[in-house]
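According to the numbering used here, the sequence shown is numbered sequentially starting from 5. Note that the Cβ used here is the ideal one computed from N, Cα and C, for glycine as well. Quick caveat: nothing in here was measured; it's all calculated off a predicted structure. Accompanying notes for the structure given below.
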Amino acid sequence: MQIRQFFLRGDLKGAIAYMRDHEEFKDILPAYVAVFEKCEYRTFEIPDELNDILRLYQIYFRDTFYCGLPEAEAADRLLAQLKALLGMPDDGEELLTEKLRSVFEAKGYHALFGKTQGYYGPYIWRDTVPTVYRVELPGGTAEYTVNILRGFVFRSWMDYLTFGRFGTGGWASPDGTINCVEQAYDFESERFLVSLLKHEAQHTVDMKQFPGITPAELEYRAKLVELHYSGNLELLQGFLSAADESRASDAHAAASAKIKLDFADTDQTNLSCIQTRALELLHAHTKEMEEKYGQQKAGSGR
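If you want it as structure tokens, here you go:
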């Protein structure tokens, strides 16, 4: 989809020009004209003082993605305006973030501030629903808790720029718990049940069983679990395309490089062969991990 490339590059002028040339965008184009050309910013069904804060983020998005202001300059302007609005002009960014969160929480909202892929943009939502899943893995069943996030008001910059068409599907808390945006997932899909749940549950089991395990080893094992349970031939191809052994600091790229090597002699057009090979590799790797880290009793996940 060509329009997505403009959004990924943060090129709003290019996106709007593309929409003007393509009939299928005629219904959404006026909304872009209103926000980015006429500065008619959106208002949300939240208290006015919270809308005042979100309006400053909307101005920052326009400065950055439409006007072409350097991100650092736009960010300085945003932070200065937020501090002025909240009556804390001389405080640092950490105190500002705490204040912003407390203002939203006082009105009954959850709020997360900071940057996503290099740009500021808050996540504001109503409800966090911790949900425990029992997840079948090759080594047994594990429990894993996912926070289901509901009632989003604001979902950072990509969601804003695309009027909800694209956006972050979730993130991990510092303790490893996955926070999952409800509107971004089909909870019966393989993307959720395998690529998220089984992947993350395997991480939990491995971190308990093998203290000291490296990020690349964790990702390698979780990707093998995905391949064993997946019914999608494209999953392996996706891993192969992400393989890059030169990026040792990127656990996903390093794990994919090992998978590329290990599946070189496997029929990559035969799903059953892929699933069987993945399980064989996982069992072999488990023995390696036991020798490297010692054998510990695996418990259930979070």
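For residue 71, no alpha helix (DSSP H) run applies, since DSSP gives it neither H nor E. In the three-state reduction of the DSSP assignment, residue 156 falls in the strand class. Looking at the DSSP output, residue 131 shares a beta bridge with 154. Three or more beta-carbon pairs separated by less than 8 Å are not found between the stretch 127-147 and the stretch 92-106, which leaves the two stretches without contact. The residue from 268, 245, 156 with its alpha-carbon nearest to that of residue 48 is 156. Non-local beta-carbon contacts of residue 148 in its own chain, meaning distances under 7 Å to residues more than five positions away in sequence, involve 137, 139, 201, 204, 205, 208, 305, 306 in chain order.
A contact between stretches requires three or more CB pairs, one per stretch, nearer than 8 Å, and the stretch 62-78 meets this requirement with the stretch 37-47. Across the set 252, 212, 236, the C-alpha of 212 shows the shortest separation from the C-alpha of residue 294. For residue 116, the pairing in a beta bridge is given by DSSP as 127. Judged by pairs of C-beta atoms under 8 Å, the stretch 67-83 touches the stretch 11-22, as three or more such pairs exist. Shown here for residue 108: same chain residues with a beta carbon closer than 7 Å to its own, the five before and five after excluded, namely 54, 115, 128 in chain order. Where residue 176 is concerned, the enclosing beta strand (DSSP E) starts and stops at 174-176. For the pair of segments examined, the stretch 226-240 was found not to touch the stretch 167-180: the number of CB pairs separated by less than 8 Å stays below three. Per the coordinates, the alpha-carbon of residue 181 lies some 16 Å from the alpha-carbon of residue 172. Distance from the Cα of residue 145 is smallest, within the candidate group 104, 152, 210, for 210.
Taking the Cα of residue 153 as reference, the smallest distance to any Cα among 291, 186, 75, 104 is reached at 186.
In the structure shown, residue 184 adopts extended strand secondary structure according to DSSP, grouped into three states.
Of the residues assessed, residue 159 falls on the buried side of the cut-off, its CB having 16 or more other CB atoms within 10 angstroms. Put simply, the backbone Cα of residue 216 is about 38 Å away from that of residue 79. Under DSSP, the beta-bridge partners assigned to residue 144 are 141. CA-to-CA, the gap between residue 141 and residue 290 works out to about 13 Å.
The three-state secondary structure of residue 273, taken from DSSP, is coil. Non-local C-beta neighbours of residue 240 in its own chain, meaning closer than 7 Å and more than five positions away in sequence, comprise 231, 267, 272, 278, ordered along the chain.
A distance below 7 Å separates the beta carbons of residue 214 and residue 297. In this structure, DSSP gives residue 208 a helical state, which the three-state scheme calls helix. Rounded to whole angstroms, the separation of the alpha carbons of residue 32 and residue 166 is 10 Å. In the DSSP annotation of this structure, the continuous segment of the alpha helix (DSSP H) that includes residue 110 starts and ends at 97-110.
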